[in-house]
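Reviewing the structure listed below.
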Amino acid sequence: MFVEWFQSHQEILWFVTIVIDLSFAILLFRLFGRQGLYASIIISLLLANLQGPKLTEIFGLQTSMGVILYSSIYFSTDLLSERYGKAEATRAVMIGFVVSVAIIVMISLSLLYLPSTAPDTAVFAQSVHDATQTLFSFTPRFVLGSLLAYLISQRFDVWMFHLIKKKTQGKHLWLRNNVSTMLSQAIDTVIYGVVVWWGVV
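Here the sequence shown is numbered in my numbering, starting from 661 and rising by one per residue.
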C-alpha cells in the first residue's frame, strides 16, 4: 500500500527522502558529534555514488538520485563550519573527495571479477554480475562529473558560508546556511548535469 502510494506521489516521496536524510545527519551529530557529521557526509556520498545514475522525475523535471541525496552533505559541512570552523569543514570536504575516489576505484576493480561458474550458483552469480555491471559500470564522464561537482560545490559552500558569516558578524545562521546551500546545490547540479548528462539526457 505505501509503495503504490509513494509511487503515485513522487513529490511527497522526495520531501520525505530529504527529511529522512537530514534527520539521519542530525541523529549522527547528536550521537557522535564531529565524527557523526563526517559519517553523514560519507554515507551520503556512498548513496549518491551508488544511486547517481538512477534518473527520476520530480515536479516534472528529470533528476538524478545522486542530486537528491546530496542535501545532508551541505547540511553537515555547514554544521561543521558553524561549530568547528572553516578548517574542519574543508577537511570534511577533502575526506569526502578521497572517499569518493576510493569508492569509484574499488567498485571498478570489483567489476573485473568474473561471476562464479559453480553449477549450483552460476545462474544467480551471472544475474548479480550483470546487475552490478549495469549499476556500477561508471563511465569516465560520470567519474569526472561527480568528483568535479562534489569538490567545486562543497569548497564553494564552505567559502560562501564563512563569507556570509563574516559579512553578518556571525548573525543570521539561517541566511548563511540557506544561501550557501542553495548556491552550492545549483553549482553542483549544473556541473554534474553538464558533464555527466549533456548529450545523453
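Even for Gly, the Cβ is constructed at its ideal location relative to N, Cα and C.
- Sequence-distant Cβ neighbours of residue 767 in its own chain, meaning closer than 6 Å and more than five residues away, are 796.
- If only uninterrupted beta strand (DSSP E) runs of at least 3 residues are considered, none is enclosed by the segment 767-823.
- Among the bridge pairs identified by DSSP, residue 715 is matched with 724.
- Bounds of the alpha helix (DSSP H) holding residue 842 are 833-852.
- Residue 737: member of the alpha helix (DSSP H) spanning 731-744, first to last residue.
- Between residue 745 and residue 701, the C-beta gap is not smaller than 7 Å, which leaves the two residues out of contact.
- Residue 741 is positioned such that its CB atom lies closer than 7 Å to that of residue 821.
- The continuous alpha helix (DSSP H) containing residue 665 extends over residues 662-667.
- Taken atom to atom, the span from the alpha-carbon of residue 751 to that of residue 698 is near 9 Å.
- Looking at 857, 802, 805, 680, the one whose alpha-carbon comes closest to that of residue 732 is 680.
- Residue environment: residue 749 is assigned as buried (16 or more neighbouring CB atoms within 10 Å of its CB, all protein chains considered).
- The C-beta of residue 779 has fewer than 16 other C-beta atoms within 10 Å across all chains shown, which makes the residue exposed.
- For a cut-off of 8 Å, the C-beta gap from residue 771 to residue 793 is around 6 Å, short enough to register as a contact.
- Secondary structure of residue 670 (DSSP, three-state): helix.
- Minimum Cα-Cα distance from residue 727 among the listed residues 743, 738, 710 corresponds to 710.
- The three-state secondary structure of residue 695, taken from DSSP, is helix.
- Distance from the CA atom of residue 784 to the CA atom of residue 818, rounded to whole angstroms, is 46 Å.
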